[in-house]
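First comes the structure, then the notes that go with it.
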Amino acid sequence: MTFSVKKIFLLGLFFVALFSAPAFFLFRKISFQWDVRKTIEKGLVFLQTNQLPSGEMKVLYCEEKEMNNCKFESSSVPTVFVLDAISFSKNKQAKEIFQKGHKFVLGQQNEDGLWSYWSKESSLFASPDFDDTAVASLYLEKNNILFRENKNKFEKNPDGLYYTWTSETDDLMKKVEIDPGVNANILAYLKNNDEKVCSFVNSAVKRDNKKLFYYPNKQAFYYIISKAYSSGALCLLESKDDIIKKTISLQKTDGSFGNNLETALSLSTLLNYSFEKRDIIEKGIGSLMKTQNKDGSWNAQAMYVSGIIKPVMYFGSNELSTAISVEAIEKYLRML
Numbered sequence: 047m048t049f050s051v052k053k054i055f056l057l058g059l060f061f062v063a064l065f066s067a068p069a070f071f072l073f074r075k076i077s078f079q080w081d082v083r084k085t086i087e088k089g090l091v092f093l094q095t096n097q098l099p100s101g102e103m104k105v106l107y108c109e110e111k112e113m114n115n116c117k118f119e120s121s122s123v124p125t126v127f128v129l130d131a132i133s134f135s136k137n138k139q140a141k142e143i144f145q146k147g148h149k150f151v152l153g154q155q156n157e158d159g160l161w162s163y164w165s166k167e168s169s170l171f172a173s174p175d176f177d178d179t180a181v182a183s184l185y186l187e188k189n190n191i192l193f194r195e196n197k198n199k200f201e202k203n204p205d206g207l208y209y210t211w212t213s214e215t216d217d218l219m220k221k222v223e224i225d226p227g228v229n230a231n232i233l234a235y236l237k238n239n240d241e242k243v244c245s246f247v248n249s250a251v252k253r254d255n256k257k258l259f260y261y262p263n264k265q266a267f268y269y270i271i272s273k274a275y276s277s278g279a280l281c282l283l284e285s286k287d288d289i290i291k292k293t294i295s296l297q298k299t300d301g302s303f304g305n306n307l308e309t310a311l312s313l314s315t316l317l318n319y320s321f322e323k324r325d326i327i328e329k330g331i332g333s334l335m336k337t338q339n340k341d342g343s344w345n346a347q348a349m350y351v352s353g354i355i356k357p358v359m360y361f362g363s364n365e366l367s368t369a370i371s372v373e374a375i376e377k378y379l380r381m382l
């Protein structure tokens with residue numbers, strides 16, 4: 047090999063090395079984004095396939111936190127959790143899910159403008175409550191869907207905090223179940239940034255309040271606060287840094303933040319706050335994607351519980367876990 051040929055050869059290798067590394071990383075990035083989109087699509091296909099003819103999304107109630115001994119009973123607002131979680135999606139499956147789901151949710155509002163947990167089709171009864179009313183109303187309002195006016199219906203206790211239950215409910219339960227998560231949901235809907243309510247919610251985050259009547263894990267509570275803030279409860283900005291710090295501390299070496307639902311909730315919480323440390327988010331997304339089932343679902347985990355009612359019942363379903371997982375992955379995709 048002459049000097050000139052060798053020089054040309056080495057120069058060629060230099061340019062290959064120069065351009066092949068970026069090309070490789072670009073290819074890997076495009077390939078991963080394709081995998082992410084396929085994961086989202088599979089999740090949405092599962093949700094579309096399992097949506098009931100009425101438009102409802104199933105949520106089970108179970109005797110154990112591990113989601114054993116479960117039953118299905120028609121409920122109204124859990125469908126809102128699913129619809130809201132996938133509301134970022136432009137996929138055709140999501141649009142079809144929305145069409146059926148909106149009709150179901152609207153049909154559950156009573157003449158006073160309120161919602162109850164159990165649906166009108168259920169054999170079980172629950173009084174109307176302000177938590178479900180706030181969640182359903184906020185979702186419909188965000189999507190420009192008309193419903194009966196109800197913002198003047200929300201009641202406070204003598205301390206200036208919102209009740210969970212209306213005056214139709216047992217007086218003891220009404221007085222006892224003053225919940226920070228419920229108050230955050232109401233703040234998100236009313237957007238009044240009420241000073242006493244904001245202080246109550248922010249203090250609950252700061253103290254790592256154990257007195258959460260409806261949420262069996264921190265991740266669900268943090269998720270609710272982050273969504274309330276991103277929906278307009280700006281006074282909850284005070285809790286942002288604390289929640290981010292506490293959420294990050296829950297991440298394990300495999301990238302997860304607990305079970306698949308806890309991981310999805312944690313990722314959405316961070317992304318609701320525009321958290322930008324890609325390594326933390328991407329490790330979590332990678333872990334979450336690995337737990338998707340072949341049918342596109344994620345396993346049912348307990349999202350919330352029945353409050354002071356005994357025995358305690360745990361609520362969740364594959365549909366709910368799947369929607370919240372899709373939400374986290376969709377938000378990550380928009381971050382890229």
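Just so you know, the sequence shown maps onto residues 47 to 382 in this note's numbering.
Glycine included, every Cβ here is placed at the ideal spot set by N, Cα and C.
Straight across, the Cα-Cα distance linking residue 193 with residue 133 is about 19 Å. Residue pairing by DSSP places residue 118 opposite 106 in a beta bridge.
Apart from the 5 residues on each side of it in sequence, residue 163 sits with its Cβ closer than 8 Å to the Cβ of 121, 122, 123, 172, 175 and 178 in its chain, given in chain order.
In the DSSP assignment, residue 361 forms a beta bridge with 107 and 350. Its chain contains 248, 251 and 271 as the residues whose beta carbon lies nearer than 7 Å to that of residue 285, once the 5 sequence neighbours on both sides are disregarded; these appear in chain order.
The Cβ atoms of residue 269 and residue 207 lie no closer than 8 Å to each other. The three-state reading of DSSP puts residue 277 in coil, since its state is none of H, G, I, E or B. Contact between residue 344 and residue 364 holds: their C-beta atoms lie close to 7 Å from each other, under 8 Å. Distance from the CA of residue 262 to the CA of residue 198, rounded to the nearest whole angstrom, comes to 30 Å.
Exposed is the label assigned to residue 382, since fewer than 16 other Cβ atoms lie within 10 Å of its Cβ. When DSSP reads this structure, residue 269 sits in no beta bridge, so it has no partner. The beta carbon of residue 118 is closer than 7 Å to those of 104 and 106 in its chain, skipping five residues each way along the sequence. The C-alpha of residue 201 is placed about 25 Å away from the C-alpha of residue 189.
The alpha-carbon separation between residue 223 and residue 78 amounts to approximately 45 Å. Counted as a single uninterrupted DSSP element, the alpha helix (DSSP H) harbouring residue 288 occupies residues 286-294. Uninterrupted alpha helix (DSSP H) stretches at least 4 residues long and entirely within the region 116-192 occur at 124-131, 138-152 and 176-188, given in chain order.
By the neighbour-count definition (other C-beta atoms within 10 Å, threshold 16), residue 99 is an exposed residue. Residue 88 and residue 342 have their C-alpha atoms roughly 5 Å apart. Per DSSP, reduced to three states, the secondary structure at residue 211 is strand. Per the DSSP secondary-structure output, residue 84 pairs with nothing in a beta bridge.
Taking C-beta separations shorter than 6 Å and ignoring five residues to either side along the sequence, residue 294 has no partners in its chain.
Residue 202 is bridged by DSSP to 208. Judged by their CB atoms, residue 93 and residue 137 are not nearer to each other than the 8 Å cut-off. Ranking 260, 204, 170 and 274 by CA distance to the CA of residue 234 puts 274 first. Rounded to whole angstroms, residue 182 and residue 161 show a C-alpha spacing of 8 Å.
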